[in-house]
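Going left to right, the first sequence walks through residues 9 to 220 as our numbering numbers them. Glycine residues also receive a C-beta, built at the ideal position from the N, C-alpha and C atoms. Worksheet: the structure to be examined is printed underneath.
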Amino acid sequence: MKPRLESIYRKLYSRFGPQHWWPADSAFEVMVGAILTQNTNWQNVERAIANLKKRGDLDFKKLFRLPEKKLALLIKPAGYYNIKARRLKELLKFLDAHCGTDIKQLCRQNTRALRRKLLSVKGVGEETADSILLYALNKPVFVVDAYTKRIFSRHGFIPQDATYEQAQELFMGSLKADAQVFNEYHALIVRLGKEHCLKNKPRCADCPLEKK
DNA sequence: CACCAGGCAAGTA
DNA sequence: TACTTGCATGGT
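Structure follows, in structure tokens:
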């Protein structure tokens, strides 16, 4: 009998404790960070965020007026800076069209509809859309990332080539829809992945999930 | 030196 | 539909 997802959650939580995600001062900052962190170490994202904050530019109106080329230079430490500058501009256009500075306005529609709209923004894929829904808007949506697929396929919960939706269904199909739990669970998976579940190794040497 | 990081879209067949 | 490739900095 495989351990159930709830018991894995409890195990991770008791080992690592609360992760306090998303590390940001506002919903807007979460959204910017969600683009910047795509396939990128969070430490590099922090440098980019710091560059924006230092100039007081981490603000919808400021960024909306900032030329894409200048934005690109500010976020350079996050890598892929040209394409990310374009993606941020796409996101800002979306916000301008739907809610402006009042991001909570986005919650006036149902989550499924909003997710589809977010996915229509060039540069916002499934993980980014779900990160925004969960961490910026507090919607009970489970975020799947590379660590999630790697860890849970290695432990036989999903196939190695599982789709995003398949992995997401593993969690959302058996856990109660609870934004606070989804928040902590995803953060704990990332924590576990960073420390124990390296890409190259077929299995991690000292996997906390194997322990009782 | 190689490999990795809290992905995504566009191009090719 | 299913692969492949480009995007890029900074840490180990």
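Exercise for review: Could you tell me how far apart the beta carbons of A185 and P148 are, in whole angstroms, since I believe they sit closer than 8 Å?
Suggested key: Taking the first sequence and counting its residues from 1, the one referred to as residue 185 is at position 177. Taking the first sequence and counting its residues from 1, the one referred to as residue 148 is at position 140. That belief holds up - the Cβ atoms of A185 and P148 are roughly 4 Å apart, short of 8 Å.
**Study point:** Cβ-Cβ separation, L66 to L60 (assumed contact under 8 Å), whole Å
**Key:** Translated into the one-based positions of the first sequence, residue 60 becomes position 52. Translated into the one-based positions of the first sequence, residue 66 becomes position 58. Contact holds; Cβ gap of about 4 Å.
Practice item. Spell out a yes or no on whether the stretch 143 to 160 and the stretch 185 to 202 are touching, meaning 3 or more CB-CB pairs, one atom from each, closer than 8 Å. Key: yes
Practice item. For the alpha helix (DSSP H) holding G41, just list the boundary residues, first then last. Key: For the purposes of this step, residue 41 is identified with residue 33 of the first sequence, where counting begins at 1. Counting along the chain, the alpha helix (DSSP H) containing G41 begins and ends at 35 to 44.
Check your understanding: Are the CB atoms of V40 and W30 nearer to each other than 7 Å?
Key -> Along the first sequence, read from residue 1 onward, the residue named residue 40 stands at position 32. Along the first sequence, read from residue 1 onward, the residue named residue 30 stands at position 22. Result no, Cβ atoms of V40 and W30 do not sit closer than 7 Å.
Check your understanding: Less than 7 Å separating the beta-carbons of G201 and Y155?
Key -> Locating residue 201 in the first sequence gives position 193, where the first residue counts as 1. Locating residue 155 in the first sequence gives position 147, where the first residue counts as 1. Yes.
Check your understanding: With 16 as the cutoff for other CB atoms within 10 Å, does R124 come out buried or exposed?
Key -> Counted from its first residue, the first sequence places residue 124 at position 116. With fewer than 16 Cβ atoms within 10 Å of its Cβ, R124 is classed as exposed.
**Study point:** Every unbroken alpha helix (DSSP H) inside the stretch 34 to 112 [4 residues or more]
**Key:** 35 to 44, 50 to 62, 68 to 73, 76 to 82, 89 to 106
Check your understanding: Could you give the C-beta distance for L178 and I197, rounded to a whole number, given that I count them as a contact under 8 Å?
Key -> Within the first sequence, residue 178 is the residue found at index 170, counting from 1. Within the first sequence, residue 197 is the residue found at index 189, counting from 1. Going by Cβ atoms, the distance from L178 to I197 rounds to 12 Å, so no, they are not a contact pair.
Exercise for review: Pick out whichever of P210, Q27, I16, L142 has its Cα sitting closest to the Cα of R199.
Suggested key: Position 191 of the first sequence, counted from the first residue, corresponds to residue 199. For the residues P210, Q27, I16, L142, the minimum Cα distance to R199 belongs to Q27.
Exercise for review: Go ahead and label K97 buried or exposed: buried means 16 or more other beta carbons lie within 10 angstroms of its beta carbon, across all protein chains shown.
Suggested key: Here residue 97 refers to the residue found at position 89 when the first sequence is read from its first residue. Per the 10 Å Cβ criterion, buried.
Review point. Just reading off the alpha helix (DSSP H) that G201 is part of, what are its end residues?
Key: Here residue 201 corresponds to residue number 193 of the first sequence, with the count starting at 1. Per DSSP, G201 belongs to the alpha helix (DSSP H) from 187 to 204.
Check your understanding: Among the residues of its own chain, which have a CB less than 6 Å from the CB of T45, if the five just before and after it don't count?
Key -> Start at 1 with the first residue of the first sequence, and residue 45 comes out as number 37. Within the same chain, T45 has close Cβ partners V53.
Exercise for review: Can you tell me which of the three DSSP states D138 falls into?
Suggested key: Looking up residue 138 in the first sequence gives position 130. Residue state, collapsed to three classes: helix.
Practice item. Could you have a look at Q117 and say whether DSSP puts it in helix, strand or coil? Key: Along the first sequence, one-based indexing puts residue 117 at 109. Here Q117 sits in coil by DSSP.
Review point. Can you list, in chain order, the stretches of the alpha helix (DSSP H) that have 4 or more residues and sit fully within the stretch 136 to 184?
Key: 154 to 162, 172 to 180
Exercise for review: Determine the burial state of G138: buried for a count of at least 16 other Cβ atoms within 10 Å of its Cβ, exposed for fewer.
Suggested key: Counting from one through the first sequence, the residue named residue 138 turns up at place 130. The identity of residue 138 in the sequence shown is Asp, whereas the question assumes Gly. Result: buried.
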